[in-house]
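Undergrad:
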Amino acid sequence: MYAFEMERPQTIADAVAALKDEDAQALGGGQTLIPTLKQRLAMPSKLVSLHGIAQMKGVCTDDDGRICIGGATTHQQVSESAGDYPALAWLASRIGDPAVRNRGTIGGSLANNDPSACYPAAALGSGAVIVTDNREIAADDYFQGMFTTALNEGEIITEVKFPVPSHAAYMKFIQPASRFPLVAVFVAKFDDGVRVAITGASEEGVFRWGEAESALSGNFAPEAVDGLSVDPSGMIGDLHGTKEYRAHLVGVMTKRAVKAAAAGETGVSSAH
Amino acid sequence: MPKDSGIGASPKRREDVRFLTGRGQYTDDININGQLYVHFLRSDMAHATINGIDTSEAEGMPGVVRVFTGADFEGVGSIPCGWQVTDRHGEPMQEPAHPVLAQGKVRHVGDPIAAVVAETYAQARDAAEALVPDLEELPAVIDMKDAVKDGTTKVHDDLTSNLCYDWGFVEENRDAVAKAMDEAAHVTTLELVNNRLVANPMEPRVAVGDYNPGTDDHTLYTTSQNPHVIRLLMGAFVLGIPEHKLRVVAPDVGGGFGTKIFHYAEEAFVTFAAKQIGRPVKWTASRSEAFMSDAHGRDHVTKIELALDAENNFTAIRTETYANMGAYLSTFAPSVPTWLHGTLMAGNYKTPLIYVNVKAVFTNTVPVDAYRGAGRPEATFQLERVIDKAARELGVDPLALRRQNFITEFPYATPVAVEYDTGDYEATLSKLEEIADISGFEARRRESEAKGKWRGLGMNCYIEACGIAPSALVGQLGARAGLYESATVRVNATGGLSVMTGSHSHGQGHETSFAQVVADMIGIDDGMVEIVHGDTSKVPMGMGTYGSRSLAVGGSAIVRATEKIIAKAKKIAAHLMEASEGDIELKDGQFTVAGTDKSVAWGDVTLAAYVPHNYPLEEIEPGLEETAFYDPANFTYPSGAYACEVEVDPETGHVTIERFAAADDFGNVVNPMIVEGQVHGGLAQGIGQALLENCSYDEDGQLISASYMDYAMPRADDVPMFDVDHSCQTPCTHNPLGVKGCGEAGAIGSPPAVVNAVIDALQSGGKNVMHIDMPLSPNRVWAAMQGA
Numbered sequence: 001m002y003a004f005e006m007e008r009p010q011t012i013a014d015a016v017a018a019l020k021d022e023d024a025q026a027l028g029g030g031q032t033l034i035p036t037l038k039q040r041l042a043m044p045s046k047l048v049s050l051h052g053i054a055q056m057k058g059v060c061t062d063d064d065g066r067i068c069i070g071g072a073t074t075h076q077q078v079s080e081s082a083g084d085y086p087a088l089a090w091l092a093s094r095i096g097d098p099a100v101r102n103r104g105t106i107g108g109s110l111a112n113n114d115p116s117a118c119y120p121a122a123a124l125g126s127g128a129v130i131v132t133d134n135r136e137i138a139a140d141d142y143f144q145g146m147f148t149t150a151l152n153e154g155e156i157i158t159e160v161k162f163p164v165p166s167h168a169a170y171m172k173f174i175q176p177a178s179r180f181p182l183v184a185v186f187v188a189k190f191d192d193g194v195r196v197a198i199t200g201a202s203e204e205g206v207f208r209w210g211e212a213e214s215a216l217s218g219n220f221a222p223e224a225v226d227g228l229s230v231d232p233s234g235m236i237g238d239l240h241g242t243k244e245y246r247a248h249l250v251g252v253m254t255k256r257a258v259k260a261a262a263a264g265e266t267g268v269s270s271a272h
Numbered sequence: 001m002p003k004d005s006g007i008g009a010s011p012k013r014r015e016d017v018r019f020l021t022g023r024g025q026y027t028d029d030i031n032i033n034g035q036l037y038v039h040f041l042r043s044d045m046a047h048a049t050i051n052g053i054d055t056s057e058a059e060g061m062p063g064v065v066r067v068f069t070g071a072d073f074e075g076v077g078s079i080p081c082g083w084q085v086t087d088r089h090g091e092p093m094q095e096p097a098h099p100v101l102a103q104g105k106v107r108h109v110g111d112p113i114a115a116v117v118a119e120t121y122a123q124a125r126d127a128a129e130a131l132v133p134d135l136e137e138l139p140a141v142i143d144m145k146d147a148v149k150d151g152t153t154k155v156h157d158d159l160t161s162n163l164c165y166d167w168g169f170v171e172e173n174r175d176a177v178a179k180a181m182d183e184a185a186h187v188t189t190l191e192l193v194n195n196r197l198v199a200n201p202m203e204p205r206v207a208v209g210d211y212n213p214g215t216d217d218h219t220l221y222t223t224s225q226n227p228h229v230i231r232l233l234m235g236a237f238v239l240g241i242p243e244h245k246l247r248v249v250a251p252d253v254g255g256g257f258g259t260k261i262f263h264y265a266e267e268a269f270v271t272f273a274a275k276q277i278g279r280p281v282k283w284t285a286s287r288s289e290a291f292m293s294d295a296h297g298r299d300h301v302t303k304i305e306l307a308l309d310a311e312n313n314f315t316a317i318r319t320e321t322y323a324n325m326g327a328y329l330s331t332f333a334p335s336v337p338t339w340l341h342g343t344l345m346a347g348n349y350k351t352p353l354i355y356v357n358v359k360a361v362f363t364n365t366v367p368v369d370a371y372r373g374a375g376r377p378e379a380t381f382q383l384e385r386v387i388d389k390a391a392r393e394l395g396v397d398p399l400a401l402r403r404q405n406f407i408t409e410f411p412y413a414t415p416v417a418v419e420y421d422t423g424d425y426e427a428t429l430s431k432l433e434e435i436a437d438i439s440g441f442e443a444r445r446r447e448s449e450a451k452g453k454w455r456g457l458g459m460n461c462y463i464e465a466c467g468i469a470p471s472a473l474v475g476q477l478g479a480r481a482g483l484y485e486s487a488t489v490r491v492n493a494t495g496g497l498s499v500m501t502g503s504h505s506h507g508q509g510h511e512t513s514f515a516q517v518v519a520d521m522i523g524i525d526d527g528m529v530e531i532v533h534g535d536t537s538k539v540p541m542g543m544g545t546y547g548s549r550s551l552a553v554g555g556s557a558i559v560r561a562t563e564k565i566i567a568k569a570k571k572i573a574a575h576l577m578e579a580s581e582g583d584i585e586l587k588d589g590q591f592t593v594a595g596t597d598k599s600v601a602w603g604d605v606t607l608a609a610y611v612p613h614n615y616p617l618e619e620i621e622p623g624l625e626e627t628a629f630y631d632p633a634n635f636t637y638p639s640g641a642y643a644c645e646v647e648v649d650p651e652t653g654h655v656t657i658e659r660f661a662a663a664d665d666f667g668n669v670v671n672p673m674i675v676e677g678q679v680h681g682g683l684a685q686g687i688g689q690a691l692l693e694n695c696s697y698d699e700d701g702q703l704i705s706a707s708y709m710d711y712a713m714p715r716a717d718d719v720p721m722f723d724v725d726h727s728c729q730t731p732c733t734h735n736p737l738g739v740k741g742c743g744e745a746g747a748i749g750s751p752p753a754v755v756n757a758v759i760d761a762l763q764s765g766g767k768n769v770m771h772i773d774m775p776l777s778p779n780r781v782w783a784a785m786q787g788a
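Residue numbers (the working numbering), protein chains in the order written: chain A, 1 to 272; chain B, 1 to 788.
(1) Using the three-state DSSP reduction, which class does I772 of chain B fall into: helix, strand or coil?
(2) Entirely within the region 222–272 of chain A and at least 3 residues each: give me those beta strand (DSSP E) ranges in chain order.
(3) Under a three-way DSSP split, which group does W782 of chain B fall into?
(4) Taking the straight line between their C-alpha atoms, what separation do you get for L302 of chain A and Y85 of chain A?
(5) Which residues share a DSSP beta bridge with N460 of chain B?
(6) Quick check on DSSP: helix, strand or coil for V131 of chain A?
(7) Compare the beta carbon distance of V250 of chain A and I198 of chain A with 8 Å and say whether it is the shorter of the two.
(8) What are the start and end residues of the beta strand (DSSP E) that includes V253 of chain B?
(9) Could you name the residues of the same chain whose beta carbon sits closer than 6 Å to that of M785 of chain B, not counting the 5 residues immediately before and after it, in chain order?
(10) What residues of chain B sit near H240 of chain A, judged by a beta carbon separation below 9 Å?
(11) Write down every uninterrupted run of the alpha helix (DSSP H) in the region 58–140 of chain B whose length is 4 residues or greater and which is fully enclosed by it, in chain order.
(12) Measuring alpha carbon to alpha carbon, tell me which of B:A285, B:I317 and B:E172 ends up nearest A184 of chain B.
(13) At a Cβ threshold of 8 Å, is P717 of chain B touching chain A?
(14) Grab me the residues of T152 of chain B's own chain with a C-beta within less than 7 Å of its C-beta, minus the 5 sequence neighbours each way, in chain order.
(15) Determine the extent of the alpha helix (DSSP H) in which I53 of chain A is found, giving its start and end residues.
(16) Which residue or residues does DSSP assign as beta-bridge partners of P181 of chain A?
(17) Would you verify that the beta carbon of F4 of chain A is, or is not, closer than 8 Å to some beta carbon of chain B?
(18) Who are the neighbours of F173 of chain A on chain B, taking C-beta pairs under 8 Å?
(19) Could you tell me which of B:R372, B:D723, B:W339 and B:A130 sits nearest to N200 of chain B, measuring between CA atoms?
(20) List, in order along the chain, the chain B residues whose C-beta lies closer than 8 Å to that of A177 of chain A?
(21) For A82 of chain A versus H167 of chain A, is the C-beta spacing smaller than 8 Å?
(22) Comparing alpha-carbon positions, which option in B:H98, B:N195 and B:F660 lies nearest M234 of chain B?
(23) What are the boundary residues of the alpha helix (DSSP H) that G475 of chain B is part of?
(24) What does L249 of chain A reach in chain B if we use C-beta pairs closer than 8 Å?
(25) Give a yes or no on whether the minimum CB-CB distance between V252 of chain A and chain B is below 8 Å.
(26) Name the one or two DSSP bridge partners that A111 of chain A has.
(27) For S56 of chain B, count neighbouring Cβ atoms within 10 angstroms of its own Cβ and tell me buried if that reaches 16, exposed if not.
(28) Where does F262 of chain B sit, in a helix, a strand or coil, going by DSSP?
(29) So which residues on chain A does W782 of chain B lean against when the C-beta distance must stay under 8 Å?
(30) To the nearest angstrom, report how far apart I438 of chain B and L246 of chain B are at their CA atoms.
(31) Following the continuous beta strand (DSSP E) through H39 of chain B, name the residue where it begins and the one where it ends.
(32) Helix, strand or coil: how does DSSP classify T343 of chain B here?
(33) Using the Cα positions of E640 of chain B and V646 of chain B, report the straight-line distance between them to the nearest angstrom.
Here it is, written out as structure tokens:
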């Protein structure tokens, strides 16, 4: 990596101030950024670690019954503390490996918006609210394409608020090398409808499968998805899966997610 | 009762204590006062002309001591190839030069263009970014069949084409095999790819060069499976340093799997640069560098035909293989698709006529060489896959077809130039059926069906030629080395032994198992025996560790040296007891005189050897140290039978391995626990090849599986609990231990079992799929199902 300055602010305000410097870069758990730096693929002048900001850590429930997770909360903490939203806790418990889960944070994952990351599916599938240092952004407005979000330069995700559905499940089919999702589907059934969010599949990053949502809102059963499909042309095609294969998996994984959610299960990964 | 010491016992591996507690001494742990660091600028193009390199800015950067380019290596030797193959027409293979740093052209992504030596790694890397190479991109030669077409761009302009050799074996059988194919009642044909792999030892390659101007002594510390071979190749052919002025040390090495056999440019570079600069120079590969500079493995494209008569007897086999050599000839690359592959095409079966054709091809990719199994997995895979396909086409039981064609009498001379000394293929296959619970398979298949999964059973046999190899024979086959092994046994005055072996241990457990052999022969505690390896200044000579040869060849050398020790010790004991030498017996570390109650202990005799107050000085010299060189009389032929059960998810094509059983015949076994561990590791690598691993280049020659994000290594949860058995033992007839070697078996025998099982599962699900190329990724399996 190249040399850089390092700051460790204790408050959100100090972090925001530190990030005003040109080429300053926020550092969450570093699970993407540190390998990128080691390969010399990024050259920030300054890293601003969010690790020491106590007000950005932890899991609680607000007056509306939403699960609220601080932006600097690790996947491990979420898996242990978000038990009131079992599918979310399960999703967090299966990101990467223990080393990743003990460092990686929800804010870091959502800010990076890797097209194959797990958390974007949960946030979009739950209709979560992304809280930053100066505003609240609905998940539907937040995700804007592969590695692209509504965040402005220097804006920090301080908290994420998840409405809790009556039924939800995450169905992850892994890419065998990285074990990121090749295709994963987060299905959530709320009183006012069903949300289906797909990660890993699309060249546009995480997306909602509207057609399936409509069908499932009328009949929350795997059969409701029969005959529905996504257009392969917008899917990712690479060494591990063609566009057609990913489009096929979207259907299969959606049905399995619905089946699991309806049965009160939280999720399944194709890895053990 | 299992033994608790000596040959046949399973003491825990003594070396693991230091490995598991962080006390190992690896090459990267070696730091020499005044040490500098080198960073290599590597080509990001697969094929380009080097018009020049502007080094001026880099040379002025902080900490930079010197920048080297290909021009600095003019007059230095080419990295040599250790094996010359002669083609079908009696002509030697085409052999290109391989400079330490690229000269004139770069020929693969990762080919080193320049090297920056600086005070720190970071400074070397910073300066390397300031180098300005003027590269003019050329068309990349990637596909092997395209590479040998007329008019294709040449990887090496001074060669006549991209064809290294066109090898026929046995060439005299070519017409007879063609006739047998024409006359056969049935011919099964299978076209397949043996996928390119990256070895990925846990420890990347490292090299430290040191030079003493006072004595003109060079030292190279390197991650090698065979330091003496590096000393010979690098000293004699590249840098012109005689052996007595060059010491090569390979200390603890964190896995090799073949890829650390070879002599690499970086080793020659640090040795050369240390003398040029007058300070030690160190290189530690990053994992990214490992992907683009460690020799890759496999990469064959093959068509195999199996001819059968009306009674389903095999009558002939014909194969045509394109074998990728990469951009340069790595140390043993030419031997892998030829002598380590063609000679195994008979497998376990009595097929009277065999013809193997191999076209070795240069491409703009990383050099390809031996990887665990080396040629033998490629032979086994095609043979055992085509037999399974034939059984399916003929509607016969695949095991019955194999049994019908088994070789049953030994020794057996195959039509492909080797003579199997011993074996019992029915015994291992029957044992396999027992430990794999084949009779319970149908019930398990129904259970899987109830879960919505298709279950498949795949089985196969294998044979390999190990204990490489008789020097006279390999010399005839083109090897530019002998393949004996040496050992020195040094007995110390107080009875402990240091055993210096040319077999390097980098995970195999030699320090434990070799000590068991020596301790067993003398009848002492194995804690009294120390195994010393990996340093050319300590060990007389060594051809190294590969080809499952360490115990069969290196262990035999140790036995021979220990026999000399015992013979001399008996003379001393006879003198001490005033008895006739012929009456002396050695048991449990005590020398006795037959028929009397006289005895002296091992330690009394060793002390007398070094304190020769009462000693037959007129007959023998003081001291107790002996050296032996052992040259094997034949290869060894481990064999066995493997069974794999898989479940396939019909909706996704995802394959899981539910059961895996291996019945091996390794001859005699010194440490059963270590043998089982070797089989487990081999199986994991074989399963990795079958399901996960795939080194992939795009058409421009970019390595697109260049990190663990895209190169899928097997993880613990990708493999099941293994059922392994080595109780079928037909001891090798020609080495003193009766051992055959076990290191590669798992990787050789397992890929066809996995693929056979997946095909069986798909067939059981009503999909008429006859073959899928490895790795059997979910996408590939799903794609094969579509329309089948």
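Just so it is clear, CB atoms sit at the ideal spot from N, CA and C, and this is done for glycine as well. All values reported here derive from a predicted model rather than from experimental measurement.
TA: With the given structure in hand:
(1) For this step, residue 772 of chain B is matched to residue 772 along the second sequence. Of the three classes helix, strand and coil, the one that applies to I772 of chain B here is coil, per DSSP.
(2) 267–269
(3) Within the second sequence, the letter at position 782 stands for residue 782 of chain B. In the structure shown, W782 of chain B sits in a helix (DSSP, three-state: H, G or I).
(4) Given a span of 1 to 272 for chain A in the structure shown, any question on residue 302 of chain A remains unanswerable.
(5) Counting from one through the second sequence, the residue named residue 460 of chain B turns up at place 460. In DSSP, N460 of chain B forms a bridge with B:Y642.
(6) Along the first sequence, one-based indexing puts residue 131 of chain A at 131. Three-state DSSP puts V131 of chain A in a strand.
(7) Taking the first residue of the first sequence as position 1, residue 250 of chain A is located at position 250. Taking the first residue of the first sequence as position 1, residue 198 of chain A is located at position 198. Yes, the Cβ-Cβ distance between V250 of chain A and I198 of chain A is below 8 Å.
(8) The residue labelled residue 253 of chain B in the question sits at position 253 within the second sequence. Counting along the chain, V253 of chain B falls outside any beta strand (DSSP E), and DSSP gives it neither H nor E.
(9) Position 785 of the second sequence, counted from the start, is the residue given in the question as residue 785 of chain B. Contacts found: K767.
(10) As a position in the first sequence, residue 240 of chain A is number 240, starting the count at 1. Per Cβ cutoff of 9 Å: D710, A712, S777, P778 and N779.
(11) 121–129
(12) Position 184 of the second sequence holds residue 184 of chain B. Per the Cα distances, B:I317.
(13) Counted from its first residue, the second sequence places residue 717 of chain B at position 717. Reading off the sequence shown, one finds Asp at residue 717 of chain B, where the question assumed Pro. D717 of chain B has a beta carbon lying within less than 8 Å of a beta carbon in chain A.
(14) Residue numbering aside, residue 152 of chain B sits at position 152 when the second sequence is read from its first letter. Correct list, in chain order: V141, D146 and N162.
(15) On the first sequence, residue 53 of chain A is found 53 positions in, with the first residue counted as 1. Neither: I53 of chain A is in no alpha helix (DSSP H) and is coded neither H nor E.
(16) The residue labelled residue 181 of chain A in the question sits at position 181 within the first sequence. Per DSSP, A:I174.
(17) Locating residue 4 of chain A in the first sequence gives position 4, counting from the first residue. No, no contact with chain B.
(18) For the purposes of this step, residue 173 of chain A is taken as the residue at position 173 of the first sequence. Result: T652, H654 and P778.
(19) The sequence position of residue 200 of chain B within the second sequence is 200, counting from 1. When C-alpha distances from N200 of chain B are compared across B:R372, B:D723, B:W339 and B:A130, the shortest belongs to B:R372.
(20) What you label residue 177 of chain A is simply residue 177 of the first sequence in a count that begins at 1. Within 8 Å Cβ-Cβ: L692, S705, Y708, M709, D710, Y711, A712 and M713.
(21) Counting from 1 along the first sequence, the entry for residue 82 of chain A is found at position 82. Counting from 1 along the first sequence, the entry for residue 167 of chain A is found at position 167. Contact flag unset, no.
(22) Within the second sequence, numbered from 1, the residue matching residue 234 of chain B stands at position 234. The option with the nearest alpha carbon to M234 of chain B is B:H98.
(23) Taking the first residue of the second sequence as 1, we reach residue 475 of chain B at position 475. Boundaries of the alpha helix (DSSP H) around G475 of chain B: S471 to Q476.
(24) Locating residue 249 of chain A in the first sequence gives position 249, counting from the first residue. Within chain B, the residues near L249 of chain A are T652.
(25) As a first step, residue 252 of chain A is located in the first sequence; it is residue number 252 there, counting from the start. So yes, V252 of chain A belongs to the interface.
(26) Position 111 of the first sequence, counted from the first residue, corresponds to residue 111 of chain A. Answer is none; A111 of chain A lacks a bridge partner.
(27) For the purposes of this step, residue 56 of chain B is taken as residue 56 along the second sequence, with counting starting at 1. S56 of chain B should be labelled exposed.
(28) Residue mapping note: residue 262 of chain B aligns to position 262 of the second sequence, counting from 1. Residue state, collapsed to three classes: coil.
(29) Position 782 of the second sequence, counted from the start, is the residue given in the question as residue 782 of chain B. Ordered by position in chain A, the residues that pass the 8 Å Cβ test against W782 of chain B are Y245 and H248.
(30) Stepping through the second sequence from its first residue, residue 438 of chain B is reached at position 438. Stepping through the second sequence from its first residue, residue 246 of chain B is reached at position 246. The alpha-carbon atoms of I438 of chain B and L246 of chain B are separated by roughly 56 Å.
(31) Position 39 of the second sequence holds residue 39 of chain B. Counting along the chain, the beta strand (DSSP E) containing H39 of chain B begins and ends at L36 to R42.
(32) Within the second sequence, numbered from 1, the residue matching residue 343 of chain B stands at position 343. If DSSP states are grouped into helix, strand and coil, T343 of chain B belongs with the helices.
(33) Position 640 of the second sequence, counting from 1, holds the residue named residue 640 of chain B. Position 646 of the second sequence, counting from 1, holds the residue named residue 646 of chain B. Checking the sequence, you will find Gly at residue 640 of chain B rather than Glu. Looking at the two C-alpha atoms, the distance is approximately 20 Å.
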